[in-house]
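Enquirer: Once you've had a glance at the structure underneath, I'll fire off some questions.
What follows is the structure in structure tokens.
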């Protein structure tokens with residue numbers, strides 16, 4: 175019998191954590207990995223496992239491929255965890271796209287529906303903003319308020335917004351390419367340690383995504399949304415939503431509104447979470463999580479060794 179541990183949170187990474195070969199080691203030991211990808215490949219009509227394992231990276235990094243690949247990876251890790259351990263997290267969240275992984279793992283969305291949905295989400299996002307028109311950049315070393323101020327001054331009638339509040343002193347901005355260039359210069363002038371362009375084809379979580387959000391909302395009407403069986407905190411408002419249309423609205427808004435990651439991790443710890451485990455490729459979230467909350471235990475599960483560390487942590491309890 176599985177038991178829910180309300181001091182444990184699982185969090186799932188989004189785009190930017192993918193790499194070619196990211197699941198090779200896990201797949202050697204756990205058949206659930208390839209089986210999950212086979213299910214996803216059937217929905218998509220393409221060999222997602224071959225793309226993730228063999229590349230090319232340029233193809234994997236196209237958002238309509240990255241999104242189903244990262245979703246399938248996170249769900250595959252979840253299936254492995256459930257087969258290896260009776261412990262279930264009391265809390266879940268996902269960073270941006272990772273929220274869809276959390277929705278599948280908490281029983282809200284069927285996996286095959288979610289694969290079709292995130293592939294469509296990727297297409298809608300790319301259609302909304304032709305390549306080169308939008309950009310994203312990470313700003314390090316300024317306060318949230320300073321970054322918001324820099325964006326409002328750099329906009330000059332274009333879109334330029336703080337869109338991911340990732341950790342104290344790390345904020346991602348998104349908008350029109352020229353406005354982002356202006357904001358990067360202004361951020362450095364304001365004392366930022368660094369302002370780095372991100373290698374993405376789409377400016378997520380800003381107003382340029384409104385047309386994509388409307389299409390996504392229509393697409394979601396075709397799908398059943400159940401109630402989550404854990405406390406699932408949404409990016410857009412750091413709240414729990416149980417009604418189907420509330421969840422659809424939160425996902426719609428997530429496309430053109432900021433990811434409040436700092437608030438999300440703090441909210442979990444405020445509600446009694448003592449261990450935060452990132453489930454899926456990349457290790458990016460654990461780095462953020464450690465900077466957000468120093469008092470919690472932090473884990474990341476991205477290969478057999480790191481999986482065993484978390485399993486041991488709970489077998490000793």
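In this note's numbering, the protein residues as written are 175 to 491.
Each residue gets a CB set at the ideal place from its N, CA and C atoms; glycine is no exception.
Nothing here was measured: the structure is a model prediction, and the numbers come from that model.
(1) Quick one: grab the DSSP three-state call for residue 379.
(2) So the candidates are 431, 371, 339 and 257; which of them puts its Cα closest to the Cα of residue 316?
(3) Alpha carbon to alpha carbon, what distance is there between residue 239 and residue 310?
(4) What three-state label does DSSP hand residue 208 in the structure shown?
(5) Check this for me: beta carbons of residue 500 and residue 269, under 9 Å apart or not?
(6) Measuring alpha carbon to alpha carbon, tell me which residue in 217, 188, 244 and 220 is nearest residue 195.
(7) Around the Cβ of residue 178, are there at least 16 other Cβ atoms within 10 angstroms (buried) or fewer (exposed)?
(8) Pull up the distance between the alpha-carbon of residue 398 and that of residue 466, whole angstroms please.
(9) Alpha carbon to alpha carbon, how far is residue 211 from residue 142? Give it in angstroms, no decimals.
(10) Tell me, please, whether the stretch 247 to 254 touches the stretch 267 to 282 by the rule of three or more beta-carbon pairs shorter than 8 Å.
(11) Comparing C-alpha positions only, which one of 341, 358 and 368 sits nearest to residue 461?
(12) Within the 9 Å Cβ cut-off, does residue 378 reach chain C?
(13) Apart from the five residues just before and just after residue 300, which ones in its own chain have a Cβ nearer than 7 Å to its Cβ?
(14) Is residue 231 buried or exposed, if buried means 16 or more other CB atoms sit within 10 Å of its CB?
(15) Identify the continuous beta strand (DSSP E) that holds residue 344 and give its terminal residues.
(16) If you draw a straight line from the C-alpha of residue 469 to the C-alpha of residue 181, how long is it?
(17) Going by CA-CA distance only, name the one from 228, 348 and 261 that's closest to residue 333.
(18) Locate the alpha helix (DSSP H) running through residue 199, then write down its first and last residues.
(19) Could you please give the first and the last residue of the uninterrupted alpha helix (DSSP H) stretch that includes residue 444?
(20) Check whether the Cβ atoms of residue 352 and residue 265 sit closer than 9 Å, and answer yes or no.
(21) Can you tell me whether DSSP reads residue 392 as helix, strand or coil?
(22) By the DSSP assignment, the beta strand (DSSP E) with residue 371 in it spans what residues?
(23) Excluding sequence positions up to five away, which residues of its chain have a Cβ less than 6 Å from the Cβ of residue 262?
(24) Starting from residue 249, trace the beta strand (DSSP E) in both directions and tell me its first and last residue.
(25) Span of the alpha helix (DSSP H) holding residue 415?
(26) Have a look at residue 402 and residue 314 and give me their C-alpha separation to the nearest angstrom.
(27) Return yes when the Cβ of residue 425 is within less than 9 Å of the Cβ of residue 414, no when it is not.
(28) Output needed for residue 207: all residues of its chain with C-beta closer than 6 Å, excluding positions within five of it in sequence on either side, in chain order.
(29) Quick one: what's got a C-beta closer than 6 Å to residue 321's C-beta in the same chain, skipping five residues either side?
(30) Taking the continuous alpha helix (DSSP H) assigned at residue 475, which residues delimit it?
(31) Under DSSP, the alpha helix (DSSP H) around residue 227 begins and ends at which residues?
(32) Do you know offhand how far residue 459's Cα is from residue 323's?
(33) Across which residues does DSSP place residue 341 in a beta bridge pair?
Expert: In brief:
(1) Here the question's residue 379 lines up with position 205 in the chain shown. Coil, per DSSP.
(2) By 1-based counting over the chain shown, the position of residue 316 is 142. Just measuring C-alpha positions, the residue of 431, 371, 339 and 257 sitting nearest residue 316 is 339.
(3) Stepping through the chain shown from its first residue, residue 310 is reached at position 136. Stepping through the chain shown from its first residue, residue 239 is reached at position 65. Answer to the nearest angstrom: the Cα atoms are 19 Å apart.
(4) Within the chain shown, the letter at position 34 stands for residue 208. In the three-state reduction of the DSSP assignment, residue 208 falls in the helix class.
(5) Past the edges of the chain, shown from 175 to 491, lies residue 500, and the structure says nothing about it.
(6) The count along the chain shown starts at 1 and reaches residue 195 at position 21. It is 244.
(7) Walking along the chain shown from the start, residue 178 turns up at place 4. Answer is exposed; the Cβ neighbour count stays below 16.
(8) One-based indexing of the chain shown puts residue 398 at position 224. One-based indexing of the chain shown puts residue 466 at position 292. Cα to Cα, residue 398 sits roughly 34 Å from residue 466.
(9) With the chain represented from 175 up to 491, any question about residue 142 goes unanswered, as that position is not in the structure.
(10) Yes, the stretch 247 to 254 touches the stretch 267 to 282.
(11) Position 287 of the chain shown, counted from the start, is the residue given in the question as residue 461. For residue 461, the closest of 341, 358 and 368 by C-alpha to C-alpha distance is 341.
(12) No chain C appears in this structure, which consists of one protein chain only.
(13) On the chain shown, position 126 is the one that residue 300 refers to. Taking C-beta separations shorter than 7 Å and ignoring five residues to either side along the sequence, the partners of residue 300 in its chain run 237, 238, 375 and 376, following chain order.
(14) Your numbering for residue 231 matches position 57 in the chain shown. In the assembly as shown, residue 231 is an exposed residue. Its beta-carbon has fewer than 16 other beta-carbons within 10 Å.
(15) Along the chain shown, read from residue 1 onward, the residue named residue 344 stands at position 170. Following the DSSP letters along the chain, one finds residue 344 inside the beta strand (DSSP E) bounded by residues 344 to 350.
(16) Your numbering for residue 469 matches position 295 in the chain shown. Your numbering for residue 181 matches position 7 in the chain shown. Spanning the alpha carbons of residue 469 and residue 181 requires a straight line of approximately 13 Å.
(17) Within the chain shown, residue 333 is the residue found at index 159, counting from 1. Here the closest residue by C-alpha is 348.
(18) The residue labelled residue 199 in the question sits at position 25 within the chain shown. For residue 199, the enclosing alpha helix (DSSP H) covers residues 198 to 203.
(19) Here residue 444 is taken as the residue at index 270 of the chain shown, counted from 1. For residue 444, the enclosing alpha helix (DSSP H) starts and ends at 435 to 444.
(20) Counted from its first residue, the chain shown places residue 352 at position 178. Counted from its first residue, the chain shown places residue 265 at position 91. No; because the gap between Cβ atoms is not below 9 Å, this pair is not in contact.
(21) On the chain shown, position 218 is the one that residue 392 refers to. DSSP places residue 392 in the helix class (H, G or I) of the three-state scheme.
(22) For the purposes of this step, residue 371 is identified with residue 197 of the chain shown, where counting begins at 1. Residue 371 -> beta strand (DSSP E) spans 368 to 371.
(23) Residue 262 sits at position 88 when you count from the first residue of the chain shown. Once the five neighbours on either side are set aside, the close Cβ partners of residue 262 are 176 and 178.
(24) Walking along the chain shown from the start, residue 249 turns up at place 75. No beta strand (DSSP E) holds residue 249; the alpha helix (DSSP H) holding it covers 237 to 258.
(25) Working through the chain shown from its first residue, we reach residue 415 at position 241. Secondary structure note for residue 415: it is in no alpha helix (DSSP H), with a DSSP letter that is neither H nor E.
(26) As a working note, residue 402 is residue 228 in the chain shown. As a working note, residue 314 is residue 140 in the chain shown. Rounded to whole angstroms, residue 402 to residue 314 spans 35 Å at the Cα level.
(27) By 1-based counting over the chain shown, the position of residue 414 is 240. By 1-based counting over the chain shown, the position of residue 425 is 251. No, these two residues do not count as a Cβ contact at 9 Å.
(28) Indexing the chain shown from 1 puts residue 207 at position 33. Cβ within range, chain order: 197, 200, 201 and 250.
(29) To locate residue 321, count along the chain shown from 1; it is residue 147. Around residue 321: 313, 336 and 345.
(30) Start at 1 with the first residue of the chain shown, and residue 475 comes out as number 301. If you look at residue 475, you'll find it isn't in any alpha helix (DSSP H); it sits in the beta strand (DSSP E) that goes 471 to 475.
(31) Position 53 of the chain shown, counted from the start, is the residue given in the question as residue 227. Start and end: 222 to 228.
(32) The residue given as residue 459 occupies position 285 in the chain shown. The residue given as residue 323 occupies position 149 in the chain shown. In a straight line, the C-alpha of residue 459 is about 26 Å away from that of residue 323.
(33) Numbered from 1 along the chain shown, position 167 holds the residue referred to as residue 341. In the DSSP secondary-structure assignment, residue 341 is bridged to 344.
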